[in-house]
Every structure is written in structure tokens, then in C-alpha cells.
């Protein structure tokens with residue numbers, strides 16, 4: 042069971058949960074986002090120009106916050122400093138995002154973007170799987186989508202290079218593939234930058250016959 046810290050990780054108010062309500066209200070204001078890639082768009086715009094010209098492989102995308110202070114720091118603690126206790130607080134933040142509850146309710150199952158065996162051994166946990174379990178309970182499925190091989194560090198690479206690195210990186214567990222046909226899936230990851238990882242994972246799900254994929258992330262980076 043997670044131990045709740047005595048101070049807010051942002052403002053250090055005491056006593057508090059991981060991030061106090063005041064900081065959530067300050068740093069997680071709802072934003073108008075493209076329905077296909079979750080980039081910020083002007084009010085009244087449903088889909089950005091890039092997605093109109095070149096739609097992503099997934100059908101919809103939901104992001105809770107921008108990849109910025111304090112959420113970038115929270116994710117660093119969650120992923121790289123071995124603090125999985127962040128999962129509950131960050132999943133709660135994701136669940137509060139408009140359209141998240143309807144997406145979860147409509148989904149047949151909720152999948153997490155998997156880590157490679159090497160990365161999982163190194164980190165000790167898959168942050169996306171922890172978020173999926175907190176968000177979806179019994180609908181969470183962390184065994185059907187597989188990562189076949191590790192990829193080089195993606196940060197800083199252009200989208201074309203990321204896509205090339207991720208080619209063939211994901212597959213569906215053969216024994217479970219038939220059960221996916223015609224299903225609606227929510228696909229969970231922690232951060233979306235170019236969308237290359239979610240695109241590659243979605244292609245593997247499409248090959249198995251998944252009918253609808255909603256990509257969902259905690260944080261979305263902006264355009265460079």
C-alpha cells in the first residue's frame with residue numbers, strides 16, 4: 042500500500058497528498074486539445090491541421106497536462122528515481138481529465154505500453170502498467186501487448202528516426218490475439234512527444250483486429 046507523504050511535492054504544504062488540491066488547480070488547468078493527438082489548439086478547434094493532413098493510427102488521444110513543471114519533475118521521480126508511489130496521484134489526475142471516464146467506460150480493456158525486458162529489469166516496474174492498473178482496475182491488461190526488443194533512447198530524436206527505431210517493436214501475444222478482434226481499447230503511456238511509440242503500438246493492435254484505440258497519456262509535450 043502506498044505511503045502518503047506528509048507534504049505536497051510542489052508547494053510543500055503540510056499535511057497533504059502527493060500534490061495538494063491547490064497545486065492541481067494551479068498547474069493542471071483544462072486545455073483545449075486536438076482530439077487526435079492532444080496538442081493544444083485554439084478554442085473551437087477539434088482537430089489540428091497536422092492530424093487533418095496525416096491522421097495518426099489511433100482514433101483519439103487524451104492528455105491530462107502539458108509536460109512541464111511540476112509534472113515533468115513528478116514523472117522523473119516516478120520513473121527514474123524508483124518511486125512507484127506516484128502512480129495513484131498521477132492516475133487520479135488523468136482520471137479527472139474530460140473524456141477520460143467515458144473512454145474508460147467504453148473500453149473493453151485498458152492496455153499499457155510495455156517496456157522491453159531489459160528496461161523492465163533495470164527499472165523494476167513499468168510506469169504505464171501501474172497507471173493502467175490504478176485507472177482501470179480489472180479492465181487493465183498488461184500481458185497482451187508485448188515489446189519485442191529494446192530501442193535506443195528516443196528523446197531528442199526526430200519523429201522519422203523514432204518511427205524507424207520502433208518498427209516491429211510491438212506485437213500482440215499470439216494466444217490472446219483472437220480476443221482483441223473488434224474491441225475498443227484504451228492504450229496508456231506516461232508521456233507523448235511525437236506520438237511514435239503510441240503509433241507503433243497501435244499498428245500492432247490494428248493487426249490483431251482492434252476496432253478503436255484511444256491513446257491516453259499523463260503529459261503531452263508541445264511543438265518544438
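In my numbering, the protein residues as written are 42 to 265. Yeah, the Cβ is synthetic: ideal placement off N, Cα and C, and Gly gets one too.
*How is residue 255 classed by DSSP in three states: helix, strand or coil?*
As a position in the chain shown, residue 255 is number 214, starting the count at 1. DSSP places residue 255 in strand when its eight states are reduced to three.
*For residue 116, name the three-state secondary structure that DSSP assigns.*
Taking the first residue of the chain shown as 1, we reach residue 116 at position 75. In this structure, residue 116 counts as helix in the three-state DSSP scheme.
*Return the first residue and the last residue of the beta strand (DSSP E) that residue 187 is part of.*
Stepping through the chain shown from its first residue, residue 187 is reached at position 146. Segment 186-188, the beta strand (DSSP E) holding residue 187.
_For residue 68, the three-state DSSP class (helix, strand or coil)_ = On the chain shown, position 27 is the one that residue 68 refers to. In the structure shown, the three-state DSSP call for residue 68 is helix.
*residue 228 and residue 182 look like a contact to me (Cβ under 8 Å); what is the Cβ gap, rounded to whole Å?*
As a first step, residue 228 is located in the chain shown; it is residue number 187 there, counting from the start. As a first step, residue 182 is located in the chain shown; it is residue number 141 there, counting from the start. Their Cβ separation, rounded to whole angstroms, is 11 Å, which puts residue 228 and residue 182 out of contact at 8 Å.
*Decide yes or no for the touch test of the region 156-163 against the region 171-179: beta carbon pairs closer than 8 Å, at least 3 of them.*
At 8 Å Cβ cutoff, the stretches do not touch.
_Determine whether the beta carbon atoms of residue 251 and residue 223 lie at a separation below 9 Å._
Here residue 251 refers to the residue found at position 210 when the chain shown is read from its first residue. Here residue 223 refers to the residue found at position 182 when the chain shown is read from its first residue. The Cβ-Cβ distance between residue 251 and residue 223 falls below 9 Å.
*Should residue 43 go down as buried or exposed, given a rule of 16 or more other Cβ atoms within 10 Å for buried?*
Within the chain shown, residue 43 is the residue found at index 2, counting from 1. With a pLDDT of only 49 at residue 43, under the threshold of 50, the placement of this residue in the model should not be trusted; the figure read from the coordinates follows. Burial is judged here by how many other beta carbons sit within 10 angstroms of a residue's own beta carbon; residue 43 has fewer than 16 and is exposed.
*Determine the DSSP secondary structure at residue 247, reduced to helix, strand or coil.*
Locating residue 247 in the chain shown gives position 206, where the first residue counts as 1. It is helical.
*Go through its chain and collect everything with a Cβ distance to residue 106's Cβ below 6 Å, but skip five positions before and after it.*
The residue labelled residue 106 in the question sits at position 65 within the chain shown. So the list reads 69, 112 and 260, once near-sequence residues are dropped.
*asked:* Assuming residue 171 is part of the alpha helix (DSSP H), what are its boundary residues?
replied: Counting from 1 along the chain shown, the entry for residue 171 is found at position 130. The continuous alpha helix (DSSP H) containing residue 171 extends over residues 168-177.
*residue 94 classed as buried or exposed, judged by whether at least 16 other C-beta atoms fall within 10 angstroms*: Sequence index remark: in the chain shown, residue 94 carries index 53 (1-based). Counting Cβ neighbours within 10 Å, residue 94 comes out exposed, since fewer than 16 surround it.
_Beta-carbon proximity list for residue 123, same chain, < 6 Å, skipping 5 on both sides_ = Counting from one through the chain shown, the residue named residue 123 turns up at place 82. Only residues of its own chain outside the window of five on either side were considered, and among them none has a CB closer than 6 Å to the CB of residue 123.
*Count the other C-beta atoms from every protein chain shown that fall within 10 angstroms of the C-beta of residue 57, then say buried if there are 16 or more, exposed otherwise.*
Along the chain shown, one-based indexing puts residue 57 at 16. Label assigned to residue 57: buried.
*With distances taken between CB atoms, is the gap from residue 241 to residue 211 smaller than 9 Å?*
Here residue 241 corresponds to residue number 200 of the chain shown, with the count starting at 1. Here residue 211 corresponds to residue number 170 of the chain shown, with the count starting at 1. Cβ atoms of residue 241 and residue 211: closer than 9 Å.
*Neighbourhood of residue 80 by C-beta distance below 6 Å, restricted to the same chain and skipping five residues each side*: For the purposes of this step, residue 80 is identified with residue 39 of the chain shown, where counting begins at 1. Scanning its chain for C-beta atoms nearer than 6 Å, with the 5 sequence neighbours on each side dropped, one finds around residue 80 the residues 89, in chain order.
*Among all the DSSP beta bridges, which residues are the ones paired with residue 213?*
Residue numbering aside, residue 213 sits at position 172 when the chain shown is read from its first letter. Partner(s): 186.
*asked:* Going by beta-carbon coordinates alone, are residue 232 and residue 116 separated by less than 9 Å?
replied: The residue you call residue 232 lines up with position 191 of the chain shown. The residue you call residue 116 lines up with position 75 of the chain shown. In this structure, residue 116 lies closer than 9 Å to residue 232 by Cβ.
*Could you please give me the residues that DSSP links to residue 264 through a beta bridge?*
What you label residue 264 is simply residue 223 of the chain shown in a count that begins at 1. Paired residue(s): none; residue 264 is not in a bridge.
_Excluding the 5 residues flanking residue 139 on each side, which residues of the same chain have their C-beta closer than 6 Å to its C-beta?_
Your numbering for residue 139 matches position 98 in the chain shown. Take residue 139, set aside five residues on each side of it, and no residue of its chain has a beta-carbon closer than 6 Å to its own.
*Helix or strand or just coil, what does DSSP make of residue 93?*
Here residue 93 refers to the residue found at position 52 when the chain shown is read from its first residue. Residue 93: helix per DSSP, three-state reduction.
*asked:* Can you list, in chain order, the residues of its chain with a C-beta nearer than 6 Å to that of residue 234? Leave out the 5 residues immediately preceding and following it.
replied: On the chain shown, position 193 is the one that residue 234 refers to. Once the five neighbours on either side are set aside, the close Cβ partners of residue 234 are 262.
*Could you give the DSSP three-state label for residue 74: helix, strand or coil?*
On the chain shown, position 33 is the one that residue 74 refers to. DSSP, read as helix, strand or coil, puts residue 74 in strand.
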